[in-house]
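Residue numbers (UniProt numbering): 1 to 199.
Ideal placement from N, C-alpha and C gives every residue a C-beta, glycine not left out.
One structure below.
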Amino acid sequence: LESPAHTTHVLEKDGDFFNLTMTYRLDSDVPWSYGQLAEIDGAVVGPSERALWLKSGFRNYANQTLLGLVRNKTKMAAQYVSHCGAISRRDKLVKEIQKSVQVDVYGNCGPMRCPLGSPRCARMLTDDYRFYFSFENSLCRDYVTEKLFNAMDNYVIPVVFGGADYTKFVPPHSVINVQDFKTVKELVNRLKFLADNPE
């Protein structure tokens, strides 16, 4: 699923042909997402236009095992990127952040290699990294790719940059949204504070 910025379909010609939509957007007739979040009882909560989270944020979902994982992490942030020069200018944003904190960039746009999805890389994310930069290539409504779910699956705090209302995808206060900060310095200070104070 790609954003409109990377889709070349001219749908105006086929306006009377399609009677249902199946896209990443939550207002589609058939929403299609890269992942789902469910409560412990298995009830899927997000993504949804009207997600109703029973609890709010990491503190309410936390347990001692998770806190132990967080305390033992030694590296600041990782990012996996396959498409360089994105319309969102995420590459430029990461370079600015790297002036103040270590961000290890894996994939086509960085010097580090580790195939995302491999057990070794998943273990590395879980064991070593505090934050995972889930920066989208396009800032479109509801456009959330596998990056957010990779972070959640590997017990890494997602730092998100995109056009979505993330409370429709994950519980409130469970991501750090770049757009909540006025400056990169404010964001970096928050990341440093959280790294120094894992609880």
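Note on Leu26: 16 or more other CB atoms within 10 angstroms of its CB, so buried under the neighbour-count rule. At least 7 Å separates the beta-carbon of Gln36 from that of Val30.
Take Arg120, set aside five residues on each side of it, and the residues of its chain with a beta-carbon closer than 8 Å to its own are Cys114, in chain order. Between Val175 and Pro158, the gap from beta carbon to beta carbon is short of 7 Å.
Taking all protein chains in view, the Cβ of Ala38 is surrounded by fewer than 16 other Cβ atoms within 10 Å, so the residue is classified as exposed.
The stretch 148-164 and the stretch 126-137 touch, with no fewer than 3 CB-CB distances between them shorter than 8 Å. Counted as a single uninterrupted DSSP element, the beta strand (DSSP E) harbouring Ala77 occupies residues 75-81. By the C-beta density criterion, Gln79 is buried, having at least 16 other C-beta atoms within 10 angstroms. Taking 8 Å as the upper bound for CB-CB distance, Ser88 and Gly107 are not in contact here, some 16 Å apart. When the beta-carbon positions are compared, Val101 and Val160 stay at least 7 Å from each other. Annotation note: the stretch 84-137 contains the following uninterrupted beta strand (DSSP E) runs of length 3 or greater, listed N- to C-terminal: 103-107, 129-135.
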